[in-house]
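Using our numbering, the first residue of the sequence shown is number 155, and each one after it goes up by one.
We treat Cβ as the ideally placed atom computed from N, Cα and C, and that holds for glycine.
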Amino acid sequence: MDNIRWLKKQEKPTSGMTLTRVFCDDCGTGLEYWLSKEQDTAYGLCPACHLGAPIEVSWSEQIQDDQ
């Protein structure tokens, strides 16, 4: 836990949460989660099947409908 950066120095959060790792249905690789620019939505994408190594992913309603 030493490598976690706290929002305020030396102040640890008072509440907790459970995090669950999700895996790709096609290949079993752990998904990477990308935040929208507004940071109100996260998308789980497989780095092996869907990403390669991008620094930005574009998404639209049309792309979602085609999947």
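Fill in: Counted within 10 angstroms of its Cβ, other Cβ atoms place residue 189 as buried (16 or more) or exposed
exposed
Practice prompt. Could you check if residue 185 is buried or exposed, using at least 16 other CB atoms within 10 Å of its CB as the buried criterion?
Written response: buried
Discussion item. Closest to residue 203 by C-alpha separation, out of 194, 195, 181 and 192, would be which residue?
Written reply: 181
Worksheet item: Which residues mark the beginning and the end of the beta strand (DSSP E) in which residue 198 is found?
Response: 196 to 199
Fill in: Cβ pair residue 308, residue 198 closer than 8 Å
With the chain covering only 155 through 221, there is no way to say anything about residue 308.
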